[in-house]
Amino acid sequence: MCAFITEDFKENNDECLLTMFGDRETIVHYMRGLEGVWTSFHEPHGPLLWYCNTSKTQHLSNMIKNQKSPRGSKKYPWRNQPARMIYTSSSNVVAGSSSTLMAASNGSGQREKFFDDNINFVPKRNAWNRVQLQQRTPGYHPYMPPQRRQVQPKTQRGYYSSMQNIVPNFCGYQMIGDDFFLSLARWELGYSFDPGHTIQQSGLCISGLTIAEAADRVMKATVLNDRVILHIGVVDLLHGHDYVDMQMDLLRLMRIFEERGVRVILTTLSPIANSSHMPGVVNRYLQFNSLIRNSNWCYIDLYRCFVNERHNTLYECYQPGPRHVSGSNQPHVLWNKLGRQRIIKFLKTQLARFI
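Just so you know, the sequence shown maps onto residues 17 to 371 in this note's numbering.
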């Protein structure tokens, strides 16, 4: 540090302090006598650090003087401990800590019976690296023999042990439907997608589900509630299915429900936002909703939830644009957060008439 001071002084004043004072020790004694100048050693043989305490640097000096000593890490407490004893083949002590010396002074008890044999133990799984391990510098932490981790046996959860926790359920009614009911079950009711399927599904809420596919799945379903709320038909309209085919498929689906003793509540379809300008789709959509209303079935008119008094579609309840779904090649404009919340409130109000 004194060399840096002499170099800085020569650079600023074009004079050499060594020629003025003779040697470096004289410079050190002179600087220690100056007011506001003090020194410190950070190590026993480290560099001599100089500090200047002036009005401009008073806050820095106070900050340096008030610094606390470095704390030891709690995660590895052995790092700040002295080196432990290293045992040679003749069991001679080379260097050690106080705990090891105490163990040596107490003699070979029951716990220290095999200490000399195990101090350089290398497990079999590291036998390929035995030479490298023996040549390493011994660590500061005490040796701990390898232990097997106790693995708790996993309980096999039956897939159909609790049907209410597996299939989407709303107010005691099992939900069956297409992407609209699937998004409602996933994002509002908290049900997760069933794993292991390329097409997103949760129970019988399946992406791209048509009326005919719903009939086949209900017929083969091993778990089916005695009360079901059904939303179906949008995929058939988007794929251009004829109204007669949709009608026959729906009658077949309702007959399967009746044979299985299931009480069904149908829902009319909300306006199809991305197809409202297509006359063919709109005509089949109106006919399908009329079929649900005029048949002798229990139904909830979701159409009323997405139109105003003038029967204009409330587009603020839909997503901003069409999106591709995993079960269909036709893009869907699903309900957004506002629309799903309106559906939840509306269904709770209407289901009170059937419970």
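Heads up, the beta-carbon is just placed ideally off N, CA and C, and yes, glycines get one too.
Given this structure, state the Cα-to-Cα distance separating residue i from residue j, to the nearest angstrom.
{"i": "Phe-25", "j": "Leu-34", "result": "11 Å"}
{"i": "Thr-22", "j": "Met-79", "result": "27 Å"}
{"i": "Ala-231", "j": "Arg-271", "result": "9 Å"}
{"i": "Leu-198", "j": "Ser-223", "result": "7 Å"}
{"i": "Gly-277", "j": "Asp-252", "result": "26 Å"}
{"i": "Gly-38", "j": "Lys-72", "result": "32 Å"}
{"i": "Ile-359", "j": "Tyr-334", "result": "12 Å"}
{"i": "Gly-343", "j": "Arg-369", "result": "33 Å"}
{"i": "Gln-357", "j": "Lys-84", "result": "57 Å"}
{"i": "Asp-242", "j": "Gln-263", "result": "23 Å"}
{"i": "Leu-220", "j": "His-213", "result": "13 Å"}
{"i": "Tyr-175", "j": "Ala-237", "result": "Residue placement at Tyr-175 cannot be trusted, given a pLDDT of 39 that sits under 50; what the coordinates show is reported in the next sentence. Their Cα atoms are separated by approximately 14 Å."}
{"i": "Gly-112", "j": "Met-47", "result": "Residue placement at Gly-112 is poorly supported in this model, since its pLDDT is 49, which falls under 50; the coordinates still yield a value, given next. Those two C-alpha atoms are separated by around 44 Å."}
{"i": "Tyr-103", "j": "Gln-74", "result": "Below a pLDDT of 50, predicted positions are generally treated as unreliable, and Tyr-103, at 48, falls in that range; no measurement from the model is reported."}
{"i": "Asp-261", "j": "Met-294", "result": "20 Å"}
{"i": "Leu-76", "j": "Thr-70", "result": "10 Å"}
{"i": "Glu-27", "j": "Asn-82", "result": "33 Å"}
{"i": "Phe-186", "j": "Glu-274", "result": "21 Å"}
{"i": "Tyr-259", "j": "Gln-303", "result": "7 Å"}
{"i": "Asn-290", "j": "Ile-371", "result": "35 Å"}
{"i": "Thr-284", "j": "Asp-210", "result": "26 Å"}
{"i": "Trp-397", "j": "Ile-182", "result": "Residue 397 is absent from the model: the chain starts at 17 and stops at 371."}
{"i": "Asp-30", "j": "Met-36", "result": "12 Å"}
{"i": "Leu-205", "j": "Asp-195", "result": "14 Å"}
{"i": "Met-191", "j": "Leu-200", "result": "10 Å"}
How about residue i and residue j: do their beta carbons lie closer than 8 Å?
{"i": "Leu-269", "j": "Ile-227", "result": "yes"}
{"i": "Tyr-301", "j": "Val-244", "result": "no"}
{"i": "Ser-208", "j": "Pro-184", "result": "no"}
{"i": "Asn-299", "j": "Tyr-319", "result": "no"}
{"i": "Ile-288", "j": "Val-341", "result": "no"}
{"i": "His-255", "j": "Gln-346", "result": "yes"}
{"i": "Leu-225", "j": "Val-234", "result": "no"}
{"i": "Glu-332", "j": "Leu-363", "result": "no"}
Can you round the beta-carbon distance between residue i and residue j to whole angstroms, since I take them to be within the 8 Å contact cut?
{"i": "Asp-296", "j": "Ile-248", "result": "It should be noted that the sequence gives Gly, not Asp, for residue 296. So it is not a contact: roughly 20 Å between Cβ atoms."}
{"i": "Pro-338", "j": "Val-349", "result": "5 Å"}
{"i": "Ile-281", "j": "Leu-246", "result": "7 Å"}
{"i": "Cys-68", "j": "Gly-52", "result": "6 Å"}
{"i": "Cys-321", "j": "Ser-292", "result": "The Cβ separation is near 16 Å, so there is no contact."}
With hydrogens ignored, establish whether the beta-carbon of residue i is closer than 7 Å to any heavy atom of the ligand GDP.
{"i": "Met-294", "result": "What this structure holds is no ligand at all, so the ligand GDP is not there to describe."}
(message) So within the segment 245-289, which uninterrupted alpha helix (DSSP H) runs reach at least 4 residues, ignoring any that extend past its ends?
(response) Listed in chain order, the complete alpha helix (DSSP H) runs (minimum 4 residues) inside the segment 245-289 are 250-254 and 259-275.
(request) Flag this pair as touching only if the segment 303-313 and the segment 328-338 have three or more C-beta atom pairs under 8 Å; answer yes or no. (result) Contact between the segment 303-313 and the segment 328-338 is absent, because fewer than three Cβ pairs lie under 8 Å.
(request) Kindly provide the ranges of any alpha helix (DSSP H) runs that are 4 or more residues long and lie completely inside the segment 190-237, ordered along the chain. (result) If you keep only unbroken alpha helix (DSSP H) runs of at least 4 residues inside the segment 190-237, you get 195-203 and 227-236.
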